[in-house]
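**Q**
Residue numbers (our numbering), protein chains in the order written: chain A, 124 to 242; chain B, 56 to 930.
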């Protein structure tokens, strides 16, 4: 019997969940910022609307992969509350597991010469 | 800043679509992020729409996660059960369709009728505190005059001496002659009302002002107040209309006010003109002409107010002895205006409640039979580990689905039905016993009623599932055990109730149909088909001779129109809820008054009786020589002759009136009665006199034409104007339209009650069908064995039908008894037919028993289709 990787239960991960967790692992941030960074990072390919963004965040929080860290005041002093979210240990494990899973897939694609290596 | 607030409000509102816990944690952030997206410099209109849609879409996603996630309501087999329910309903399409249709028709009928009730009887009148607003009538119990108008001096006496009112006002309906383009006067309905009128109703102007102290006396400015719809349609919603003038014949009037939207006053009049108190004071106390409306002071009851006006009446007799025998009494104005339809609408509401009861009984029957038929299958599910909650959930899901479909379909049907109902109600309804009429009551589908009907249907159906749940959980073998017999007994009782109710409703419907047919068949006393009528002339300024000449010349001009067979004039057109009373003195040979009475009278010309189609039944009618010089002849109707010369003949008797122009007239003939107060009311006694003595300034004209009456309208108008083009003509109407208005309410009630009775009959048939179909189904194997042993299918079919024959017979008798008792209670709605009408009873019994027998025969026929081998194999 083998011990299961703590992140294994979450793999494979949905691409949007994966991207959001990666961004949060880079630097804890709040929803609006996350929305903009996601759009910039994917060069406009992934544009998450506020409803879906918080649905995803809620799912990640419920699954124990992300967590609210602190509450700050809103942008430009509007007073609207905003929560900063970060990745939990379980989230990092899940990212590692996902990276491993994708590395295996990437290796298989490489063997078939399907991957264009960037110079 | 303002715009940001609006956007924030919008998104805050949208967050309410999310599950509460999600909204609590993320709501503020969703609003903040949405505003961020919304206010991006590049955001276009469609982007912004997309942001709104996205927030809604996000809510749908979160709900989906919640319901499908661990512990979600749709986890644990909900979807599985849902699919199972859909599949099993698809297999029993007949059952599903029946249940849906039963609910759909019941919900549609209930929503329609209760929307109508709420929109009419329960609708607020167009003035505040309606319970404080009274109408004061003059009444003379001895003469049978219970609701009459009063004279100007009598009103002023009420105004001065009553102590229980904040305001008491006089008004009357009149015509206003508005000059149209080309100078021809257009006749519009108007209300002439004094300065207390709007304060009594508690109505303020939407623009400008209502009548005040400055309008009370003659010599004040000539003013007019218009209704909102007149301002919108005729004055093009002119925002600067106050202070402008309208060109009335004789003189212009200044518009001083526009009334609030929705204010319609009894007969829908677009114009209000001031009635001066000094004109009221100068009026002859014997000339009764005005309606009185009053608002009670705080803390005053209607009994106080009635006592107050009765006291004033007693004192008024001292001032004006002619008032002897008269009194005043007060009623709530709103009660008067809805009374013409109240009984019919309440009867409809009661009927539809009964239909609902039948529908509920029907659903119970259907659900129980269904549960019993499925008890074996549900028993297997329990044996495989499903708890009672799971079985209940399946039944509840099935019921909710069927009930929602049925109620939804019913709500879709309801507006169509309501549209039909409002189409068969006339534009105006006469108020019995009074010279008034009210705009017909119309109603739109009431959202509150619709929602209630939906919830009651779904909730009621769920409650009705409970007995079937116990049936299903007993896990009884549907073939031959105690469960079957218990269910059959209960069901048979319910079906019996249904048949009884259907029979009772059929008795009621037959009575209503016969009653309405009787009303429609009543000879109203004149031939209204082919008769055109119009009011015309404004010759009050002329002397009686000038007026007479004008009316005689116009009648000549009308008679000259090709196709006009006869024409005549009369001062009040019949069937318009108008009356005009004269004090009449009976004279002895020396022309001394022997006694006096107050009866209706009409001034007519010699062509009137022929034009109206009123035959002379004794003596003679008017001749042309009766129309020269002072009137000295009169004709009475049969009711007048019978009332004042019972058993004898009035021909040759001498009569006088209060009007000096009509004295010492000899009665020369008796003309047939006209039921001018509607077909259901007895014809009023009537004295006809020649018009030349003192004709009114405005008269009515009857023209009998051949062929299409409406085609003669332009020719008739041209003929009248050919005599004097400056004289006004009010709308030209076929007499049939007025006669129809009197029977429209019973006719509408007949259609509705008939429709509800057919619906109940269908529902009862469904109940009978269900019970026999169930019997055949559960006895399938037994019947198979009997067929295999040589029993004839006909015999077995008869046996199945016999199972309901007894209950049908008992229910029919019970239904007839209930129907007759209910009809006796609602006897006021019947005309010319007794509550215990043999024809109605026979029709009801035949209709119900045929429906029940047919409904039991159809499923019983299936016995013949049973294959004995297959039935026994299933065993």
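Each residue gets a CB set at the ideal place from its N, CA and C atoms; glycine is no exception.
In this text the structure is predicted, and so the values were computed from the model without any measurement.
#1: I'd like the list of long-range same chain contacts for residue 372 of chain B, defined as Cβ closer than 6 Å, with 5 residues on each side in sequence excluded.
#2: Name, please, each residue of chain A whose Cβ falls closer than 8 Å to the Cβ of residue 92 of chain B.
#3: From this set, B/731, B/730 and B/719, which residue's C-alpha is nearest residue 745 of chain B's C-alpha?
#4: Quick one: measure Cβ to Cβ for residue 232 of chain B and residue 327 of chain B, integer angstroms, because I've assumed they're closer than 8 Å.
#5: Could you tell me the alpha carbon to alpha carbon distance between residue 218 of chain B and residue 363 of chain B, rounded to whole angstroms?
#6: Inspect the beta-carbon positions of residue 325 of chain B and residue 243 of chain B and report whether they are closer than 9 Å.
#7: Are at least three pairs of beta-carbons, each pair with one atom in the segment 816 to 834 of chain B and one in the segment 908 to 917 of chain B, less than 8 Å apart?
#8: For residue 714 of chain B, which residues from the same chain have a beta carbon less than 8 Å from its beta carbon, with the 5 sequence-adjacent residues on both sides left out?
#9: Nearest to residue 66 of chain B by alpha carbon, out of B/89, B/845, B/352 and B/592?
#10: Considering only C-alpha positions, which residue in the set A/180, A/206, A/168 and A/184 is nearest to residue 192 of chain A?
#11: Whose C-beta lies closer than 7 Å to the C-beta of residue 852 of chain B among residues of the same chain, with five residues either side of it excluded?
#12: Got a sec: is the Cβ-Cβ distance from residue 206 of chain A to anything in chain B below 9 Å?
#13: What does residue 154 of chain A reach in chain B if we use C-beta pairs closer than 7 Å?
#14: Residues bridged to residue 743 of chain B by DSSP?
#15: Runs of 4 residues minimum, wholly inside the segment 201 to 240 of chain B: which ones carry the alpha helix (DSSP H) assignment?
#16: Residues of the segment 795 to 828 of chain B with a CB closer than 9 Å to any CB of chain A: list them in chain order, please.
#17: Identify the residues that DSSP records as bridge partners of residue 604 of chain B: which are they?
#18: Does the CB of residue 60 of chain B have a neighbour CB from chain A at under 9 Å?
#19: Can you check DSSP and say which residues form a bridge with residue 386 of chain B?
#20: Under a three-way DSSP split, which group does residue 266 of chain B fall into?
#21: Between which two residues does the alpha helix (DSSP H) containing residue 838 of chain B stretch?
#22: Which chain A residues sit within Cβ distance under 7 Å of residue 106 of chain B?
#23: Tell me where the alpha helix (DSSP H) around residue 211 of chain A begins and ends.
#24: What is the C-beta distance between residue 416 of chain B and residue 553 of chain B, in whole angstroms, given that I count them as a contact (C-beta under 8 Å)?
#25: Could you please tell me which residues of the segment 109 to 120 of chain B, in chain order, have their CB closer than 8 Å to any CB of chain A?
#26: Given this structure, state the Cα-to-Cα distance separating residue 208 of chain A from residue 452 of chain B, to the nearest angstrom.
#27: Shortest alpha-carbon distance to residue 774 of chain B belongs to which of B/709, B/616 and B/564?
#28: Taking only beta-carbon positions, decide if residue 182 of chain A is within less than 9 Å of chain B.
#29: Select from B/843, B/170 and B/76 the residue whose C-alpha is nearest the C-alpha of residue 503 of chain B.
#30: Please check the pair residue 705 of chain B and residue 694 of chain B, which I expect to be a contact at CB under 8 Å, by giving their CB distance rounded to whole angstroms.
#31: For residue 146 of chain A, decide whether its Cβ has a neighbour in chain B, counting only Cβ atoms nearer than 9 Å.
#32: Since residue 758 of chain B and residue 612 of chain B should fall inside the 8 Å C-beta cutoff, what is the C-beta to C-beta distance between them, to a whole number of angstroms?
#33: The beta strand (DSSP E) that contains residue 623 of chain B, what's its start and end?
#34: For the alpha helix (DSSP H) containing residue 437 of chain B, list its first residue and its last residue.
#35: Check for me: the alpha helix (DSSP H) holding residue 732 of chain B runs from which residue to which?
#36: Does the segment 890 to 901 of chain B come close enough to the segment 550 to 569 of chain B that 3 or more CB-CB pairs lie under 8 Å?
**A** Reading off the structure:
#1: 378 and 379
#2: 158, 172 and 173
#3: B/719
#4: Contact doesn't hold; Cβ gap of about 15 Å is too wide.
#5: 7 Å
#6: yes
#7: yes
#8: 637, 748 and 749
#9: B/89
#10: A/206
#11: 915, 916, 918 and 919
#12: yes
#13: 84 and 88
#14: B/657 and B/690
#15: 207 to 216
#16: none
#17: The partner list for residue 604 of chain B (beta bridge, DSSP) is empty, contrary to what the question assumes.
#18: no
#19: B/190
#20: coil
#21: 835 to 843
#22: 172
#23: That residue, residue 211 of chain A, is in no alpha helix (DSSP H); it is neither H nor E in DSSP.
#24: 5 Å
#25: 109, 110, 111, 112, 113, 114, 116, 117 and 120
#26: 41 Å
#27: B/616
#28: yes
#29: B/170
#30: About 12 Å; that fails the 8 Å criterion.
#31: no
#32: Between residue 612 of chain B and residue 758 of chain B the Cβ distance is about 11 Å, and since that is not below 8 Å, they are no contact.
#33: 619 to 625
#34: 430 to 438
#35: Counting along the chain, residue 732 of chain B falls outside any alpha helix (DSSP H), and DSSP gives it neither H nor E.
#36: yes
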